[in-house]
Amino acid sequence: MNDPNPEYHPIFDTQQGIAVLERVVEHYTDVFLPCEKKDRKYYRGLTTKKAARDAGRLRRHDNQRHSHADSWAGKTGPRKAEDALDRFSEALEQYAGKLYEGMPFIELHDVVEEAAVRAGSPKPEPLLRYDAALMLAWHLRTEPEDVWLHSGTDWGVRTLGISTKGRKIVTLDELPTTFRKLPAWQVEDILCIYRLVIQQVHGDQPVDAKVFAKIEAKRQQMGCGHRRCKVSC
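Numbering-wise (this note's numbering), the sequence shown opens with residue 2 and increments by one.
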């Protein structure tokens, strides 16, 4: 789906485009961010070894596993996925001594990559490795400075007209001004969850309340980590 010559679409900086993106941020803040904050609080309360062990299993604040792991299990087979996550969790725990508070995210991500290699095949896919790194970042009181590309986020960025070929990250400065005031990890989340809304803006299609209502209604089925969260979370 990579465009040969992607070009940032000017509609995202028009009054109409900015209004929709601001509505996206508002909806995300109300509907999804509260659960993410509970995850962050959960990981900040753990020991580093426990945080590494739980991040390898993609465990969330409610003691349930992130639904991205379930999606991956559907591709690789449940038993293989379970075994791989067990090995990933054990490997991350063994690397806990390399982790320290305030550790730059890119270094933290490298440690997670090392653990994934050590875990063997099937190696957790890039999305799962990013999820684990972000959970550990919350524990270490650090966060990514840039938006990491994978799966839906990559799609969302390309819909903005930004080339992602051969890239692992995009900077906040490359994105619409509406997103630049947010932490990069929240922008990563938004670009994945609301990629179809962004696509509608790009196509100059109307975006009304029904679009956001549909996202909220599907919240329990989305592969965004909130599948088992209560709506009141």
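Think of the CB as a built atom: it goes at the ideal place given N, C-alpha and C, for glycine as much as any other residue. The model shown is predicted, which means the values in this text are computed figures rather than measured ones.
With residue 155 as the anchor, note down where its alpha helix (DSSP H) starts and where it stops. Here residue 155 refers to the residue found at position 154 when the sequence shown is read from its first residue. Segment 152-160, the alpha helix (DSSP H) holding residue 155.
First and last residue of the uninterrupted alpha helix (DSSP H) at residue 27: In the sequence shown, the residue the question calls residue 27 occupies position 26. For residue 27, the enclosing alpha helix (DSSP H) has its first and last residue at 16-32.
Tell me whether residue 170 sits in a helix, a strand or coil according to DSSP, three-state version. Against the sequence shown, residue 170 aligns to sequence position 169. Three-state result, residue 170: strand.
Residues that DSSP places opposite residue 149 in a beta bridge: Residue numbering aside, residue 149 sits at position 148 when the sequence shown is read from its first letter. Looking at the DSSP assignment, residue 149 forms a beta bridge with 170.
Here's a check: name, in chain order, each residue in its chain whose Cβ is nearer than 8 Å to the Cβ of residue 109, leaving out the five neighbours to either side. On the sequence shown, residue 109 is found 108 positions in, with the first residue counted as 1. Correct list, in chain order: 100, 134, 137, 138, 141, 143.
Relative to the alpha-carbon of residue 123, which residue among 161, 145, 103, 78 has its alpha-carbon at the smallest distance? Indexing the sequence shown from 1 puts residue 123 at position 122. Of 161, 145, 103, 78, the smallest CA-CA separation from residue 123 is found for 78.
Measuring CB to CB, does residue 146 end up less than 8 Å from residue 163? Within the sequence shown, the letter at position 145 stands for residue 146. Within the sequence shown, the letter at position 162 stands for residue 163. Cβ distance not < 8 Å, so residue 146 and residue 163 don't count as in contact.
How many whole angstroms separate the CB atoms of residue 55 and residue 47, which I take to be in contact at a CB cut-off of 8 Å? By 1-based counting over the sequence shown, the position of residue 55 is 54. By 1-based counting over the sequence shown, the position of residue 47 is 46. Correct: roughly 7 Å between the Cβ atoms.
Counting Cβ pairs, one atom from each stretch, are 3 or more of them under 8 Å apart for the region 155-162 and the region 113-121? No, because fewer than three Cβ pairs between the region 155-162 and the region 113-121 fall closer than 8 Å, the two stretches do not touch.
Would you kindly report the start and end of the unbroken alpha helix (DSSP H) that includes residue 95? As a working note, residue 95 is residue 94 in the sequence shown. 79-95 is the extent of the alpha helix (DSSP H) around residue 95.
Determine the closest residue to residue 27 out of 179, 215, 196, with distance taken between C-alpha atoms. Residue numbering aside, residue 27 sits at position 26 when the sequence shown is read from its first letter. Of the listed residues, the one whose Cα sits closest to residue 27 is 179.
Taking the straight line between their C-alpha atoms, what separation do you get for residue 192 and residue 177? Position 191 of the sequence shown, counting from 1, holds the residue named residue 192. Position 176 of the sequence shown, counting from 1, holds the residue named residue 177. Rounded to whole angstroms, residue 192 to residue 177 spans 11 Å at the Cα level.
Specify whether the region 52-71 and the region 89-107 touch according to this definition: at least 3 beta carbon pairs, one from each stretch, less than 8 Å apart. Result yes; three or more Cβ-Cβ pairs closer than 8 Å.
How far does the alpha helix (DSSP H) with residue 49 in it extend, from its first residue to its last? Here residue 49 corresponds to residue number 48 of the sequence shown, with the count starting at 1. Counting along the chain, the unbroken alpha helix (DSSP H) around residue 49 starts and ends at 49-57.
Find out if the Cβ-Cβ distance for the pair residue 194, residue 29 is shorter than 8 Å. Walking along the sequence shown from the start, residue 194 turns up at place 193. Walking along the sequence shown from the start, residue 29 turns up at place 28. It is a contact, given that the beta carbons lie within the stated cut-off.
Neighbourhood of residue 86 by C-beta, 6 Å cutoff - its chain only, sequence neighbours within 5 removed: In the sequence shown, counting from the first residue as 1, residue 86 sits at position 85. Beyond the five residues adjoining it in sequence on each side, residue 86 comes within less than 6 Å, by CB distance, of 58 in the same chain, given in chain order.
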